[in-house]
Each structure stands twice: as C-alpha cells, then as structure tokens.
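Numbering (the numbering used here), first residue to last: 252 to 508. Every residue, glycine too, gets a C-beta built ideally from N, C-alpha and C. Below is one structure, written out as structure tokens, with a few remarks after it.
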Amino acid sequence: MSIKTAVVDGVATIEIARPEKKNALTMAMYTAMSEALDAAREDKAVRAVLITGQPGIFTSGNDIEDFMQRPPGQGSESMDSPVFRFMQSLLACDKPVVAAVTGAAIGIGTTMLLHCDFVYVSDEARLAMPFVSLGLVPEFASSLLVPQLMGHRRAAEKLLLGDPFSAEQAVECGIANAVLPASEVLPYARRMAERFNALPPGAVREAKQLMRAPQREQMLQVIRAEGEKFGKRLRSPEAMEAFQAFFQKRKPDFSAF
Ligand code: COA
C-alpha cells in the first residue's frame, strides 16, 4: 500500500510511500489519506496528525496518468471525487495537522500545506504550484490563500508562472514554519506533534476551529469555483498537451492555442 498509517504516542502518522513514482497521488491514495484523517479525528487517543513523505520527495502531486485517464467528474460530481474527499477531511480535521516536507512538494503537495497547521521543510525541498503550466487553474483555495499569505505579486510568480521556490522562501512567504536539515525534518515534526499530548485536547480543538471559522465560508465558495474550472481544464487541449509532454519528457508547445 502506498499510504502507510500508524498511531504512535498520540500522533496519527500518514506516510506517502510511492517513491518509484515520486509519491504521485492516485485516487486510492487520496481515499486512504482521507480515511486516516477521519479516523484520527474520531480517535480519542490521537492528539495530532503528522503527514510526511519519503527522503527527497514529499509528493509530486496528483498522478498525471490519473489526470489523463480518470479525471475527477465535473460540477457537483467532482465534490464526490477522492481528491475532494481528502481535502474535505483535511479541512474538517479539528486536531492539529503537522507536515514534515521531506523533499519536493508539487501541485497538491504544496496546496495541502496551506491547510496544515505546522509545516517543517527539509533544506533540500523545492515547492511548486505549476497548475497554469499544466493548462490548469489553482485548487482548494490556493487562489485565495496564496495571495493572502504573500501579496498578489509574489503569488503571481508562484501561481501564474509556476516558479518553484526553496524551503527558505516557503518560510519567508508564510507557507512553512521552519527549514531543517533533511535528516531532522521528520523527527522534529514528530516532536512538535507530540507536544499536543501535554495540552488539553478540547481547548486545542476549539481554538483551531475558531482560528479557521472566519474564513471558512469564503474558502468553501472559492474551492467550488476553482473546482468547476479545474474539472473543465483537465479535459482541455491545453492540459492534454501538457500531460503528454510530461510523459514524452519534452517541453509542452502551446503556440497553437
Ligand atoms: N504523476 C505520474 N507520474 C509521475 C509524477 C506524477 N505527478 N511525477 C513523477 N512521476 C513518474 C515519472 O513519470 C517517472 O516514471 P517512469 O520512471 O516510469 O518514467 C517517475 O515518476 C520518476 O520521475 P522523474 O520525473 O523521472 O523524476 P525526477 O527526479 O527527474 O523529477 C519531479 C522529479 C517530481 C521533479 C518530476 O517527476 C515532476 O516534475 N513531476 C511532475 C510534477 C507535476 O507536474 N505534478 C502535477 C502537479 S498538478
């Protein structure tokens, strides 16, 4: 199974483990992560959730083969897709979620960090949201949250040009808490998650709910609007050219569009 889960010392760990495909996320993997998050939310023994990847790679984002062959449905149908369910579970998780970004975090790999509470990044990691370069649009409220975090101009570099950025830049622009040497990122993130064992869980949950509440409605609206466009764009000739170019290991050619 390419998602490994475990509950140890009050921390529910979700480990993305498909290194042969750079931890690209398939529908089955989203479902497994969604179930793990829902279970963590219900389990009284769990005080925090830790999401991590493999050395050198957090995740290369959605499996591009899946995007081509099995794109999530359009309109209201898309709200039932495994990726939507996963993000809904992440948004609904009222326990602290800590991310240990062990390496590259691309596409939804970076988007999901916007919805985590603590993000620790390996000094070797690169982050990127190359949706537009793939003929797509930003997803899961990144078009709202990224400009809010860093201002429109720096967001434009990341969301319109899809420029990758370093772990230091991720901290500087507010996506991450700290940069750590690659070997220390996971143990450090785990120690931070374990700190919640010593805190009152009811107060932690209510505080997290309160911190998220003011933006919740707006975020859900944006997620719906992005989802509609994303679903259409996945089926667009621009996206097809980008996906085929990826597998043919060449630069995409958008000159005809
Ligand atoms: N979906 C499907 N397969 C993927 C993938 C993805 N998102 N990312 C990597 N893979 C596969 C490659 O096709 C390759 O498969 P192969 O060995 O059968 O040819 C394998 O994983 C290794 O990837 P490769 O590109 O050779 O590794 P790399 O170390 O040179 O580069 C990345 C790593 C992550 C920088 C690069 O794979 C990449 O850019 N991936 C796509 C990222 C992306 O655009 N994600 C979607 C965002 S919406």
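In this structure, Ser373 places its C-beta atom within 8 Å of the C-beta atom of Val436. Only residues of its own chain outside the window of five on either side were considered, and among them Phe494, Phe497 have a CB closer than 6 Å to the CB of Ile315, listed in chain order. Contact check for Ala379 and Thr361: beta-carbon distance about 7 Å, within the 8 Å limit, so the pair qualifies. Shortest gap from the CB of Ile426 to any heavy atom of the ligand COA: 7 Å or more. Under the three-state reduction of DSSP, Asn274 is assigned to coil, being neither helix nor strand. With fewer than 16 neighbouring CB atoms inside 10 Å of its own CB, Arg486 falls in the exposed class. Judged by the Cβ position, Gly261 fails to qualify as a neighbour of the ligand COA at the 7 Å threshold, every heavy atom of the ligand being at least this far.
Between Tyr371 and Ala440, the C-beta spacing is below 8 Å.
Around the C-beta of Met462, fewer than 16 other C-beta atoms lie within 10 Å, and the residue is accordingly described as exposed. The beta carbons of Glu375 and Ala433 sit closer together than 8 Å. Beta-bridge partners of Ile357 (DSSP): Ala379.
Between the C-alpha atoms of Met363 and Phe309 there is a straight-line separation of about 11 Å.
Using a cutoff of 7 Å, the CB of Leu410 does not count as near the ligand COA, since none of the ligand's heavy atoms is closer than that. Between the ligand COA and the CB of Leu385, the shortest heavy atom gap is smaller than 7 Å. By the criterion of a C-beta distance shorter than 8 Å, Cys367 is surrounded in its chain by Ile302, Leu341, Val348, Val349, Ala350, once the five residues flanking it on both sides are discounted. Comparing alpha-carbon positions, the option among Leu385, Thr277, Ala418, Leu396 lying closest to Arg467 turns out to be Leu396.
The C-alpha of Pro465 is placed about 22 Å away from the C-alpha of Met330. Apart from sequence neighbours up to five positions away, the residues of its chain that approach Leu400 with a beta-carbon distance below 7 Å are Cys424, Gly425, Ile426, ordered along the chain. Distances from the alpha-carbon of Gly304 to those of Lys295, Ala290, Ala356 put Ala356 closest.
Linking Glu489 to Ala507 through their CA atoms gives a straight-line distance of about 10 Å. Looking at the backbone, the Cα of Phe447 and that of Pro381 are separated by about 34 Å.
If you check the CB distance, Thr353 and Gly307 come in under 8 Å. In the DSSP annotation of this structure, the continuous segment of the alpha helix (DSSP H) that includes Glu316 starts and ends at 315 to 320.
Out of Gly386, Lys483, Gly453, Leu276, the CA that lies nearest to the CA of Val297 is found in Gly453.
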